[in-house]
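S.K.: When the letters of the sequence shown are read in order and numbered with the working numbering, they come out as residues 1138 to 1506.
For every residue, glycine included, the Cβ atom is placed at its ideal position computed from N, Cα and C.
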Amino acid sequence: MKVDGKHFRSIWRERDGWSVGAIDQRRLPHDFVVARLTSCEDAAVAIRDMLVRGAPLIGATAAYGMALAMREDASDAGLKRAYDTLVVARPTAINLKWALDEMRTALAPIDPVERAEAAYARADEIVEQDVEINRGIAANGLALIDAIVAKKKPGETVNVLTHCNAGWLATVDWGTATAPIYLAHERGIKIHVWVDETRPRNQGASLTAWELGHHGVPHTVIPDNTGGHLMQHGMVDLAIVGTDRVAANGDVCNKIGTYLKALAAHDNGVPFYVALPSPTIDFAVDDGIRDIPIEQRSGTEVTEMTGRTVDGRLETVRIVPEGSPVANYAFDVTPARLVTGLITERGVLKPDRAALAAAFPERIAAAAE
Ligand code: MRU
């Protein structure tokens, strides 16, 4: 997508052909800084410290991390070490393990001398595949938006609510939840996005608002508690969120607070869609609420906030009394019954086992291996 008219992706191979460039998302929206990753450890730290974040981008970064590792040590032991280092970088987004499994499957059978080149080739494919998948999500989600336009008076604005950042910054390009939004905008449909700020890290306020704004998509940032009120007053036509892992039964794990939005949408008859690329489905997990591991992050994300002061300095301040304990669960699980549909690259699916299995039979087979 575009940053002030110039096309960017969130991650890329640098001109030297081997190092990896990525937008440092910890610095947005205040500074646009590109980081250069030159080792497997750099990739692991980038994922762990959230220089890159968002399930599909975590997967893409891990794939390049494996390629960087193969330059350092392409032996069987090196392959295992790289896998083991990267797979634990963050626990909830399943795209991380998916990408690493793809890389290992491609690399394990070949001669170590050829592994580095093969690793870059496979990582590039994973990156391109992410963009293609998101284009599919865009097209399938656009049909839902078109249907709303047809129901409303022609020319009226479609209001979409989203949570966290499932935008192009969370993927390689297009985003998942934002893909239909960008396509609708491109097609001249009047679209406006309610952007949940998404405490505690504020990925909505910092990242989604930044990317929509720089691409020219009308949007409004709202405190997380506002969505229910907007829905009660007919100000939300549909919600589209992303996800970090979808269980085989259709339960959806996404950024903390998603469940509450789904409850509000259900109570107000607002369609609640989840956009996902197929690598986000975890057929090995039968019950999302019971079995998806929920990352718990540092309490400082809750106790502190960073922002720009009026005189232009970046400053971090404490907003919780000294000594008050805090809890920081990074994700929650929305039960399938509250999800209207799953927008995938293979169509809009019912959030249930049968629909997921019918749409992605090859993933079922892989999970059974
Ligand atoms: O903790 P993060 O920022 O990596 O969280 C992931 C997300 O960005 C969201 O949960 C998102 O909605 C799903 S990723 C497309």
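Is the closest heavy atom of ligand 1 to the C-beta of residue 1390 under 6 Å?
M.R.: If you number the sequence shown from 1, residue 1390 lands on position 253. No, Cβ of residue 1390 sits at least 6 Å from all heavy atoms of ligand 1.
S.K.: Assign residue 1162 to one of two classes, buried (16 or more other C-beta atoms within 10 Å of its C-beta) or exposed (fewer than that).
M.R.: As a working mapping, residue 1162 is identified with position 25 in the sequence shown. Burial call: buried.
S.K.: Kindly indicate which three-state DSSP category residue 1285 falls into: helix, strand or coil?
M.R.: As a first step, residue 1285 is located in the sequence shown; it is residue number 148 there, counting from the start. Residue 1285: helix per DSSP, three-state reduction.
S.K.: Report whether the distance from the Cβ of residue 1379 to the nearest heavy atom of ligand 1 is below 6 Å.
M.R.: As a position in the sequence shown, residue 1379 is number 242, starting the count at 1. At least one heavy atom of ligand 1 is nearer than 6 Å to the Cβ of residue 1379, so yes.
S.K.: In chain order, which alpha helix (DSSP H) runs of at least 4 residues are fully inside the region 1176 to 1211?
M.R.: Here the runs fully enclosed are 1177 to 1185, 1192 to 1209.
S.K.: Per DSSP, which one or two residues make a beta bridge with residue 1390?
M.R.: Reading the sequence shown from its first residue, position 253 is the one you call residue 1390. DSSP lists 1382, 1470 as partners of residue 1390.
S.K.: Expressed to the nearest angstrom, what Euclidean distance is found between the alpha-carbon atoms of residue 1392 and residue 1421?
M.R.: Numbered from its first residue, the sequence shown carries residue 1392 at position 255. Numbered from its first residue, the sequence shown carries residue 1421 at position 284. Between residue 1392 and residue 1421, the C-alpha separation is close to 21 Å.
S.K.: Using the C-alpha atoms, what's the distance from residue 1253 back to residue 1155?
M.R.: Translated into positions along the sequence shown, residue 1155 becomes position 18. Translated into positions along the sequence shown, residue 1253 becomes position 116. Approximately 10 Å, taken between the alpha carbons.
S.K.: Who are the Cβ neighbours of residue 1277 in its own chain at under 6 Å, not counting the five residues just before and after it?
M.R.: Position 140 of the sequence shown, counting from 1, holds the residue named residue 1277. Closer than 6 Å at the Cβ level, and outside the excluded window around residue 1277, lie 1480, 1484, 1485.
S.K.: Using the Cα positions of residue 1232 and residue 1195, report the straight-line distance between them to the nearest angstrom.
M.R.: Along the sequence shown, one-based indexing puts residue 1232 at 95. Along the sequence shown, one-based indexing puts residue 1195 at 58. Rounded to whole angstroms, the gap between the alpha carbons of residue 1232 and residue 1195 is 7 Å.
S.K.: Considering residue 1232, what are the terminal residues of the beta strand (DSSP E) in which it resides?
M.R.: Stepping through the sequence shown from its first residue, residue 1232 is reached at position 95. Taken as a continuous stretch (DSSP letters only), residue 1232 belongs to no beta strand (DSSP E), being part of the alpha helix (DSSP H) at 1232 to 1244.
S.K.: Over what stretch of residues does the alpha helix (DSSP H) that includes residue 1439 continue unbroken?
M.R.: Within the sequence shown, residue 1439 is the residue found at index 302, counting from 1. From DSSP, the alpha helix (DSSP H) with residue 1439 extends over 1437 to 1440.
S.K.: DSSP state of residue 1395, grouped into three classes?
M.R.: Residue numbering aside, residue 1395 sits at position 258 when the sequence shown is read from its first letter. Correct three-state label for residue 1395: helix.
S.K.: According to DSSP, is residue 1419 helix, strand or coil?
M.R.: Taking the sequence shown and counting its residues from 1, one reaches residue 1419 at position 282. DSSP places residue 1419 in strand when its eight states are reduced to three.
S.K.: Looking at C-alpha atoms only, which residue of 1172, 1143, 1257, 1272 is the closest neighbour of residue 1414?
M.R.: The residue given as residue 1414 occupies position 277 in the sequence shown. Ranking 1172, 1143, 1257, 1272 by Cα distance to residue 1414 puts 1272 first.
S.K.: Considering only heavy atoms of ligand 1, does any lie closer than 6 Å to the CB of residue 1190?
M.R.: The residue you call residue 1190 lines up with position 53 of the sequence shown. It does: the Cβ of residue 1190 is within 6 Å (strictly closer) of some heavy atom of ligand 1.
S.K.: So, for residue 1274: in the same chain, excluding its five sequence neighbours on each side, which residues have a beta-carbon less than 8 Å away from its beta-carbon?
M.R.: The sequence position of residue 1274 within the sequence shown is 137, counting from 1. These residues qualify, in order along the chain: 1311, 1313, 1316, 1317, 1412, 1413, 1414, 1480, 1481, 1482.
S.K.: Taking residue 1371 as part of the beta strand (DSSP E), name the residues at either end of that continuous run.
M.R.: For the purposes of this step, residue 1371 is identified with residue 234 of the sequence shown, where counting begins at 1. Per DSSP, residue 1371 belongs to no beta strand (DSSP E) and is neither H nor E.
S.K.: Starting from the C-beta of residue 1387, find all residues in its chain whose C-beta is less than 6 Å away, skip the five residues before and the five after it, and write them out in chain order.
M.R.: Looking up residue 1387 in the sequence shown gives position 250. So the list reads 1473, 1488, 1489, once near-sequence residues are dropped.
S.K.: By DSSP, does residue 1217 sit in helix, in strand, or in coil?
M.R.: The residue given as residue 1217 occupies position 80 in the sequence shown. Here residue 1217 sits in helix by DSSP.
S.K.: Verify whether the separation of the beta carbon atoms of residue 1184 and residue 1175 is less than 7 Å.
M.R.: To locate residue 1184, count along the sequence shown from 1; it is residue 47. To locate residue 1175, count along the sequence shown from 1; it is residue 38. No, these two residues do not count as a Cβ contact at 7 Å.
S.K.: In this structure, how does DSSP classify residue 1359 when only helix, strand and coil are distinguished?
M.R.: Locating residue 1359 in the sequence shown gives position 222, counting from the first residue. Looking at residue 1359 - three-state DSSP - the assignment turns out to be strand.
S.K.: Run the proximity test for residue 1465: is its beta-carbon closer than 6 Å to any non-hydrogen atom belonging to ligand 1?
M.R.: Residue numbering aside, residue 1465 sits at position 328 when the sequence shown is read from its first letter. No - ligand 1 has no heavy atom lying nearer than 6 Å to the Cβ of residue 1465.
S.K.: So is residue 1389 buried or exposed if we call it buried at 16+ other beta carbons inside 10 Å?
M.R.: Counting from 1 along the sequence shown, the entry for residue 1389 is found at position 252. Residue 1389 should be labelled buried.
S.K.: Evaluate residue 1247 with the Cβ neighbour count: other Cβ atoms within 10 Å of its Cβ, from every protein chain shown; 16 or more gives buried, anything less gives exposed.
M.R.: Counted from its first residue, the sequence shown places residue 1247 at position 110. When all chains shown are included, residue 1247 counts as exposed.
S.K.: Candidates 1383, 1330, 1359: which alpha carbon is nearest residue 1493's?
M.R.: As a working mapping, residue 1493 is identified with position 356 in the sequence shown. Residue 1383 is the option with its Cα nearest to residue 1493.
S.K.: Give me the Cα-Cα distance between residue 1327 and residue 1287, rounded to the nearest whole angstrom.
M.R.: Numbered from 1 along the sequence shown, position 190 holds the residue referred to as residue 1327. Numbered from 1 along the sequence shown, position 150 holds the residue referred to as residue 1287. C-alpha separation (whole angstroms): 12 Å.
S.K.: May I ask you to list the residues that DSSP assigns as paired with residue 1333?
M.R.: Counting from one through the sequence shown, the residue named residue 1333 turns up at place 196. Per DSSP, 1359.
S.K.: By a C-beta neighbour count over all protein chains shown, 10 Å radius and 16 as the cutoff for buried, is residue 1211 buried or exposed?
M.R.: Here residue 1211 is taken as the residue at index 74 of the sequence shown, counted from 1. Buried is the call here.
S.K.: Looking only at C-alpha atoms, which of 1267, 1408, 1282, 1503 sits nearest to residue 1476?
M.R.: Counting from 1 along the sequence shown, the entry for residue 1476 is found at position 339. The shortest C-alpha separation from residue 1476 is found at 1408.
S.K.: Below 8 Å, can you find three or more Cβ-Cβ pairs linking the region 1427 to 1437 to the region 1451 to 1469?
M.R.: The region 1427 to 1437 vs the region 1451 to 1469: in contact.
S.K.: Would you mind listing the beta strand (DSSP E) stretches within the region 1259 to 1318 that are 3+ residues and don't spill past its ends, in chain order?
M.R.: 1295 to 1299
S.K.: In whole angstroms, what is the alpha-carbon distance linking residue 1255 and residue 1265?
M.R.: Mapped onto the sequence shown, residue 1255 falls at position 118. Mapped onto the sequence shown, residue 1265 falls at position 128. The alpha-carbon atoms of residue 1255 and residue 1265 are separated by roughly 15 Å.
S.K.: Which of the three DSSP states, helix, strand or coil, is assigned to residue 1167?
M.R.: Walking along the sequence shown from the start, residue 1167 turns up at place 30. Of the three classes helix, strand and coil, the one that applies to residue 1167 here is coil, per DSSP.
S.K.: Hey, how far is the Cα of residue 1339 from the Cα of residue 1455?
M.R.: Position 202 of the sequence shown, counting from 1, holds the residue named residue 1339. Position 318 of the sequence shown, counting from 1, holds the residue named residue 1455. If you take the alpha carbons of residue 1339 and residue 1455, they lie about 15 Å apart.
S.K.: Of the residues 1501, 1303, 1446, which one's Cα is nearest the Cα of residue 1423?
M.R.: In the sequence shown, the residue the question calls residue 1423 occupies position 286. Considering only alpha carbons, the answer is 1501.
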